[in-house]
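Shown next, in structure tokens, is the structure this report addresses.
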Amino acid sequence: MSAAALERQIRPIYDSLETGSPKTAVVSCNKLLKKHPKNSLIKALKALALVRLQKTEEAIVLCDEVLATKCTDDATLSAMQHVLRGLGRHIDMITMFDNAYKQQPTNEDLGSQTFFANVRTGNWKTAQQVATKLHKQFHNDRYLYWSVISTVLQANDSTTPPSMRTLLYRLAHRLITSSPSPSHLSPDRFHLHILILRELELYNEAHTLLDSEFGQQLCSTSLLCNEIRRDIWRLKGLWKEEGVRAEERIVKMNDRNWLEFLSVLDATFADVVSSHGSKSSDAAGTESSENIENIRELFVRIAEQDGHNDRSAPLALLELEKRARSYRLSRDHTAMVDLMENYFNLVGDKACCFEDLKPYLSLEGEDQARWTSFLESITLSSANLSDLRRSINVHALLRHTLSPTQITAEMESSRATQYLKHYLDGLKLGEGLPPTELQPVDDFAILAGQALVNVWKLADDETQLYNAASVLEFGLTKSKHSYQIRLMLVRIYTLLGAPSLALEHYRAVNVKQVQNDTLSHFVLSRASTFSLAATGDITYLSECIESSQIYNTNSQETSDFVVRAFNGEKYSQIPDFIDFEDRLDNSLARDAMKVEHVRMRITHEQLTTDLIDLELVELKFIFNRFHHDNRDFEILPNYQPRSLPSFHEQTLLFDKNPGLGWLSAFLKIYISVLQQASDLDDTVEDKLLVGDRPKQSIDPDVKLPWKERLSRRSQDELDELTPCEVSFFDYILALADWLEPYHNHIRPSPAAVLAEVTKHTGSKTLKIEELHPQNGLATNGHTKKDEEAPVVKEAPEIVSKFFDDMNAKFKDILISKRLPEALHVVTLTQEALIMLAIDSLRFKPASVVKVHKLGALVQNFKSIRAKAIEVLREMSTELLKIGESEGTAETRKTFVEACQLVTAFTEIDHDFVLNVAKRVTEARKKMLEGLGKGVAKLCTAYSNA
């Protein structure tokens with residue numbers, strides 16, 4: 010058959026893959042393979058279809074067959090590239106392109122693809138070597154710069170030893186200076202050249218290039234080049250020269266870039282900063298004082314010139330005075346307040362005013378009194394948008410500087426009423442706005458909500474959260490797209506134990522792409538506390554999976570952006586793309602979400618060895634990573650007084666922010682138990698692993714034995730755990746220590762495990778040669794061993810008394826009516842029972858117990874399990890009882906009566922608050938009854954186990 014005819018027959022396979030019909034593609038491939046059984050392209054396309062169908066085992070067999078042929082045609086290589094990426098076999102992809110390039114060394118495209126294969130995996134050393142080879146062979150300057158940036162990226166890689174980094178930068182410098190064409194022909198090449206000089210501290214050479222005619226031209230047209238030029242000037246100590254240059258741009262070119270004003274300010278204080286603490290500091294201070302006056306005159310002149318058109322100069326005057334005060338060079342003690350008053354008069358009707366003035370509000374004594382008096386003297390009005398914005402800023406600024414004596418529950422309640430009145434009065438200005446627009450008065454609703462949350466913290470009165478929720482819910486009826494109000498409600502409903510409402514508002518924010526990483530903590534932090542997975546409600550499990558899609562997209566797409574940047578010679582973008590990919594791949598939120606998913610999954614699914622092995626491998630990978638915390642907490646507005654914790658800190662669930670310490674603790678908890686329950690060790694994992702093993706952290710602790718790493722407990726971990734979680738941590742470590750000798754005695758050898766896997770899956774997909782189990786190990790450990798079983802010991806007191814202790818805590822919490830904490834105790838107690846079941850799974854078969862004489866150990870399990878089930882059933886009964894009372898008319902009535910502060914205003918009627926009450930109480934009832942029934946269901950399941 011001709012090539013054209015075969016191509017026509019293959020075309021439908023491509024169409025099926027492009028339209029998302031992999032099953033059809035497999036059928037078409039099977040038909041063609043009967044006629045062309047050795048055609049590598051058809052096999053590659055079938056493997057790709059199987060990968061998309063998640064039939065990994067079959068795809069691997071075909072993939073290995075194609076790789077063995079060492080194909081060189083573009084179509085097959087392209088298809089195999091997608092297959093190998095889908096399987097996570099990036100090293101095999103490098104090998105495939107490398108073999109093809111070796112067979113066709115004159116094929117420039119194959120050489121480029123080999124380079125890009127290394128780029129996709131961050132294999133910068135090999136990438137540099139390939140780029141150098143391409144440059145020598147094809148004499149294209151682009152390949153030389155590929156080699157240079159690859160060397161720079163290798164130097165910046167976290168796995169590169171510090172001693173090697175300078176050598177690599179020197180190599181990059183030698184390469185870039187050997188280029189036949191100068192770097193200034195392209196802004197990105199020039200930026201790369203200066204960056205290398207900066208890292209090597211060759212500031213004079215960099216200064217010469219930047220100060221040249223072409224350097225000045227590039228800096229005037231490229232923000233990137235100008236930014237690195239500014240760095241070089243400062244590193245070289247040319248503060249004053251940079252200040253003169255910036256002043257010239259401000260005056261002659263009317264440049265209002267804030268960075269230019271900062272350069273002028275840095276130059277003004279350069280002498281006093283460099284001589285701080287030395288004998289010449291007095292002289293430097295005198296000179297700086299003169300400079301301050303000159304610059305003040307300059308900024309005043311610019312401020313008068315710009316008027317209301319630009320706020321850079323007035324803001325620079327504030328920064329100038331702040332720095333002068335910090336170095337005790339200010340001659341007028343009233344200047345700061347005068348400048349703040351002038352700034353407010355200029356910008357007070359803008360939304361940016363509060364945030365602009367915030368850094369300068371650390372006033373004391375007379376200054377504070379003057380500033381407060383000034384703000385209180387302003388006539389507040391909502392007659393027009395400017396007056397309304399000015400009123401919002403006045404209240405926000407006054408609130409920020411409240412002293413501790415001015416913050417009581419009664420005073421805060423009064424302020425909340427005042428804010429709410431202003432909010433309702435100002436709504437008239439937003440009448441007629443499209444539903445997609447936000448009300449200009451929304452900040453007053455936020456102020457009222459935060460004041461009420463403050464009353465809740467001060468008085469420990471949950472009813473204040475009812476008021477806050479009602480105010481914010483009313484605000485959403487006017488501004489349904491206000492993400493700030495919705496995120497505040499997410500926090501408040503979480504504190505009220507109404508997670509379904511919190512999730513509803515979070516989803517209404519409609520987070521996209523990378524926001525899933527930065528914002529998912531709002532609903533998925535400690536999500537297992539509110540999960541009803543045991544009853545079959547997988548809402549939170551689904552949310553974890555949906556929020557995790559960004560990480561799959563990142564691993565597939567970001568490397569493509571890097572490749573495009575190489576092709577387009579956008580070298581300045583490449584480190585940013587790589588950093589972005591690394592921050593997402595090693596995201597703290599991602600892995601905390603994964604831990605929560607596992608915690609919920611084990612309540613929903615049957616405990617099997619497959620589940621245990623799969624989760625163990627993934628959690629061990631996570632434990633070996635260095636994590637980046639990308640979570641966004643600043644997105645929450647904060648109008649709380651500066652003397653108090655922020656709104657974010659006030660509304661943290663259990664007053665704890667689960668970060669790296671929390672993640673580390675729970676990884677230790679789960680790995681300790683899953684590792685004992687699993688037959689896998691590192692040797693077996695390597696044999697069974699389909700894709701490449703992820704890069705490990707450079708932390709030396711990663712190389713320590715697992716037992717030593719898992720037994721360590723740091724203060725950072727304990728600080729981020731609740732008291733109940735600390736008890737749970739102690740329980741798990743004690744349980745693992747107690748059972749370790751018995752697990753080690755029974756666990757089969759790696760050879761036996763691999764033999765068992767081979768029996769069930771076949772050896773085609775395993776990277777093993779011949780397996781010869783010895784001494785009956787292929788029976789998976791059910792054969793009696795020569796050595797005696799360890800002597801059975803009683804369970805440690807921490808383990809045996811854990812459930813009684815949790816029951817006592819639960820009863821104490823019920824008295825104080827703290828619903829989220831009650832849910833927290835119950836879910837941890839339930840989790841402790843499941844972890845006991847996982848850790849004792851190996852001892853479940855009667856034959857194992859009999860052969861190894863572990864009957865006494867099993868009796869220990871039974872007594873602990875019986876106690877756990879007894880306690881959990883008691884907790885379940887209490888939850889169901891509370892749940893029944895939550896959904897009653899009496900509870901709703903109590904809610905509405907507690908909201909008198911809100912219902913006192915005719916605009917927010919009784920029915921509206923009643924509807925909020927109904928939704929909150931129904932959500933709490935659903936949570937309590939769902940968890941109660943789920944716990945009862947698990948108790949039944951494990952009592953029969």
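Residue numbers for the sequence shown follow this note's numbering, so the first one is 10 and each next one is one higher.
The beta-carbon is built from N, C-alpha and C at its ideal position, and this holds for glycine as well.
Extent of the continuous alpha helix (DSSP H) run through residue i
| i | result |
| --- | --- |
| residue 857 | 855-860 |
| residue 521 | Note, residue 521: premise wrong, no alpha helix (DSSP H); not H, not E. |
| residue 733 | 732-755 |
| residue 501 | 492-504 |
| residue 675 | 669-686 |
| residue 534 | Looking at the DSSP string, residue 534 is not in any alpha helix (DSSP H), and its letter there is neither H nor E. |
| residue 363 | 362-366 |
| residue 714 | Residue 714 -> no alpha helix (DSSP H), and no H or E assigned at all. |
| residue 513 | 508-517 |
| residue 798 | No alpha helix (DSSP H) holds residue 798; DSSP gives it neither H nor E. |
| residue 906 | 898-907 |
| residue 421 | 418-435 |
| residue 841 | 828-848 |
| residue 546 | Per DSSP, residue 546 belongs to no alpha helix (DSSP H) and is neither H nor E. |
| residue 809 | 806-809 |
| residue 381 | 374-386 |
| residue 410 | Looking at the DSSP string, residue 410 is not in any alpha helix (DSSP H), and its letter there is neither H nor E. |
| residue 156 | 150-165 |
| residue 27 | 12-27 |
In DSSP terms, what residue i is bridged to
| i | result |
| --- | --- |
| residue 637 | 596 |
Cβ-Cβ separation, residue j to residue i (assumed contact under 8 Å), whole Å
| i | j | result |
| --- | --- | --- |
| residue 689 | residue 625 | 6 Å |
| residue 686 | residue 847 | 5 Å |
| residue 255 | residue 273 | 5 Å |
| residue 800 | residue 866 | Their Cβ separation, rounded to whole angstroms, is 10 Å, which puts residue 800 and residue 866 out of contact at 8 Å. |
| residue 798 | residue 863 | 6 Å |
| residue 400 | residue 447 | 17 Å between Cβ atoms; not a contact. |
6 Å CB neighbourhood of residue i in its chain, flanking five on each side removed
| i | result |
| --- | --- |
| residue 905 | 922, 923, 926 |
| residue 932 | 507, 509, 510 |
| residue 286 | With a pLDDT of 48 at residue 286, under the threshold of 50, the predicted position of this residue should be treated as unreliable, though the coordinate-derived value follows. There are no such residues. |
| residue 608 | 537 |
| residue 772 | Its pLDDT being 47, under 50, residue 772 is placed unreliably by the model, and the measurement read from it follows with that caveat. None. |
| residue 975 | There is simply no residue 975 to check, as the chain begins at 10 and stops at 954 in what is shown. |
| residue 479 | 908, 911, 922, 925 |
| residue 387 | 403 |
| residue 367 | none |
| residue 581 | 197, 200, 233 |
| residue 336 | 281 |
| residue 675 | 604 |
Same chain, Cβ closer than 8 Å to residue i, five either side skipped, listed in chain order
| i | result |
| --- | --- |
| residue 803 | 809, 869 |
| residue 182 | 205, 206, 209, 211 |
| residue 227 | 193, 196, 199, 234 |
Residues near residue i in its chain [Cβ-Cβ closer than 7 Å; skip 5 each side]
| i | result |
| --- | --- |
| residue 301 | 277, 329, 333, 338 |
| residue 694 | 626 |
Next on the checklist: Measuring CB atoms only, is the region 630-639 touching the region 587-597, in the sense that at least three cross pairs come out at less than 8 Å?
Outcome noted: Remark: three or more beta-carbon pairs, one from each stretch, lie closer than 8 Å, so the region 630-639 and the region 587-597 are flagged as touching.
Checklist entry - Are at least three pairs of beta-carbons, each pair with one atom in the region 473-489 and one in the region 449-465, less than 8 Å apart? => result Counting C-beta pairs closer than 8 Å gives three or more between the region 473-489 and the region 449-465, which meets the contact rule.
Checklist entry - Okay, do the region 152-161 and the region 197-211 touch, 3+ Cβ pairs below 8 Å being the bar? => result Yes, the region 152-161 is in contact with the region 197-211.
Item to check | Segment contact, 8 Å Cβ cut-off, at least three pairs: the region 875-889 with the region 939-953 | outcome: Contact between the region 875-889 and the region 939-953 is present, because at least three Cβ pairs lie under 8 Å.
Checklist entry - How about the region 747-754 and the region 843-856: do they share at least three Cβ pairs that are nearer than 8 Å? => result Counting Cβ pairs under 8 Å, three or more are found: they touch.
Next on the checklist: Check whether the region 76-92 and the region 49-63 are in contact - that is, three or more C-beta pairs closer than 8 Å.
Outcome noted: Using a C-beta cut-off of 8 Å, the region 76-92 makes contact with the region 49-63, since at least three inter-stretch Cβ pairs fall below that distance.
Item to check | Inter-stretch contact (C-beta, 8 Å, three-pair minimum) for the region 368-388 and the region 341-348 | outcome: Two segments are said to touch when three or more pairs of C-beta atoms, one from each, lie closer than 8 Å; by this definition the region 368-388 touches the region 341-348.
Checklist entry - Counting Cβ pairs closer than 8 Å, one from the region 647-667 and one from the region 724-733, do we hit at least three? => result Between the region 647-667 and the region 724-733 there are three or more C-beta pairs closer than 8 Å, enough to call the two in contact.
Next on the checklist: For the pair the region 905-916 and the region 472-480, tell me if three or more CB-CB distances fall below 8 Å.
Outcome noted: A contact exists between the region 905-916 and the region 472-480.
Next on the checklist: With three or more C-beta pairs closer than 8 Å as the rule, is the region 829-844 touching the region 872-885?
Outcome noted: Counting Cβ pairs under 8 Å, three or more are found: they touch.
Item to check | the region 652-659 in contact with the region 674-683 per 3-pair CB rule at 8 Å | outcome: No: the two stretches stay apart, fewer than three of their Cβ pairs being nearer than 8 Å.
Next on the checklist: Whether or not the region 601-617 and the region 520-537 are in contact is what I'm after, with contact meaning three or more pairs of Cβ atoms, one per stretch, closer than 8 Å; do they touch?
Outcome noted: As far as the Cβ criterion goes, the region 520-537 touches the region 601-617, which means the pair count is three or higher.
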